[in-house]
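Structure first, commentary second.
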Amino acid sequence: MLGRILRWLSKLPIGFLQSMGRTAARLIAHVQSASALATVKRNLLIAFPHLNEPERHQLAKQALAAQFQSMLEFVKCWGNPPAFSLNQIKHIDGEHLLIQAIADHNGVILVVPHFGSWEFINAWLCQFGDMTVMYKPSKNQPLDEFVLNARSRLSATLVPANENGVRQIFKALKQGGFTAILPDHVPDHSGGIYSDFMGQRVLTTTLVSKLAQKTQCSVVGLSCIRRNDGLGFDIVCDLLDSQILNKDLSVSVDSLNNEIKRIIARAPEQYMWGYKRFKQLENQQQVYSKSI
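Position one of the sequence shown corresponds to residue 115 (my numbering), numbered consecutively onward.
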């Protein structure tokens, strides 16, 4: 059933899906007990304590709308050929940075935060060659089949999200290849350290930093931002702080988090604030509760 629904949704016009996402967000915004809204508001309170309540509430509504739009945009992206995604990209800023990094044959880590509609980046990236990326199967089989079918249409090598996959990515980087990594998920304690992010000491993955340290490759930030006119997306490439290559792991991870913060600042409403990024804090204080 879910597979059929996803395929049906992917055939609808993207503008209609975006409108559906905004409508769903507006409905949820009126339900003060909704957990999705509570998480967004709590994250914004942590990240932007200087905002007053009306400003934070307005940003929360915008963020919720962006999140629901992204979810439906992903379905559209997964259910169509890569050419569809490419057609949605209207402008690219800093493309020369990526081209130069790849041309150096020193390996490239592409840092892609949960920001904007990052799934559209995949089809664009595959124009530059075969990238190696981790893939963690969904526990929902119909969803996993839908996404895996989309991944198979791309020029990408999928590796498991485990130590074996990390070794394959390391090998690809040493051979001058490139990989894309989402750097802002909450890792297991074995795969992260506490680092400053938005004024908090949060558990942060060390994967990007360790790969960068060992290979001394280029590290490029990528984001896919929804245009204000609603007509497609803009891709932005950033050459990230060289301190990410620092041999001191804390310095490297702190630098990575600072760069993620800088990327988010371009359009803070398009970050995935519905994700519980602050659930693992160094002082173990309770962040997510039923009330705000």
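In this text, a Cβ means the ideal position worked out from N, Cα and C, and glycines have one as well.
As the structure is a prediction and not an experimental result, all values here were calculated from the model.
Hey, could you find the ends of the beta strand (DSSP E) residue i is sitting in?
i, result
"cysteine 351", "347-353"
"proline 251", "That residue, proline 251, is in no beta strand (DSSP E); it is neither H nor E in DSSP."
"glycine 184", "The amino acid at residue 184 is misidentified as glycine; the sequence shows serine. Premise fails: serine 184 lies in the alpha helix (DSSP H), 167-192, not in any beta strand (DSSP E)."
"leucine 158", "That residue, leucine 158, is in no beta strand (DSSP E); its alpha helix (DSSP H) goes 149-161."
"valine 222", "222-225"
Report back the beta-carbon spacing between residue i and residue j to the nearest angstrom; my notes put them in contact at under 8 angstroms.
i, j, result
"glutamate 187", "leucine 131", "7 angstroms"
"threonine 153", "glycine 388", "5 angstroms"
"asparagine 371", "serine 309", "5 angstroms"
"phenylalanine 229", "isoleucine 377", "6 angstroms"
"alanine 227", "isoleucine 374", "Per the sequence presented here, residue 227 reads as proline, with alanine not at that position. Rounded, the Cβ-Cβ distance is 5 angstroms, consistent with contact."
"cysteine 240", "alanine 197", "Wrong, their Cβ atoms sit about 11 angstroms apart, outside the cutoff."
"aspartate 258", "serine 252", "4 angstroms"
"glutamine 314", "phenylalanine 392", "6 angstroms"
Please identify the residue among the options whose C-alpha is closest to the C-alpha of residue i.
i, options, result
"alanine 379", "Met115, Leu173 and Thr329", "Leu173"
"serine 332", "Phe229, Arg340 and Leu287", "Leu287"
"serine 184", "Pro274, Arg340, Pro382 and Ser252", "Arg340"
"alanine 143", "Phe162, Ala177, Pro127 and Gly129", "Ala177"
"threonine 329", "Ala275, Leu159 and Arg281", "Arg281"
"glycine 279", "Ser304, Lys250 and Ile307", "Lys250"
"glutamine 255", "His219, Leu296 and Leu120", "Leu120"
"glutamine 327", "Ala150, Asn194, Gly221 and Gln181", "Gly221"
"phenylalanine 234", "Glu383, His205, His219 and Pro163", "His205"
"alanine 150", "Gln181, Gly305, Leu159 and Ser133", "Gln181"
For residue i, which beta-bridge partners are listed by DSSP?
i, result
"phenylalanine 130", "In DSSP, phenylalanine 130 forms no bridge with anything."
"serine 309", "Val316"
"threonine 293", "Ile223"
"isoleucine 206", "Ile349"
"leucine 395", "Val316"
Span of the alpha helix (DSSP H) holding residue i?
i, result
"isoleucine 358", "Taken as a continuous stretch (DSSP letters only), isoleucine 358 belongs to no alpha helix (DSSP H), as it is neither H nor E."
"histidine 210", "209-217"
"serine 105", "Outside the shown range of the chain (115 to 406) lies residue 105, about which nothing can therefore be said."
"leucine 200", "196-202"
"phenylalanine 234", "234-239"
"glutamine 327", "321-329"
"serine 231", "Element bounds for serine 231: n/a, residue is neither H nor E."
"glycine 117", "116-124"
Inset, instruction - Would you list, in sequence order, the uninterrupted beta strand (DSSP E) runs of no fewer than 3 residues that lie entirely inside the segment 259-283? - result: 270-274
Legend entry - Whole alpha helix (DSSP H) elements within the segment 360-389, 4-residue minimum: 363-378
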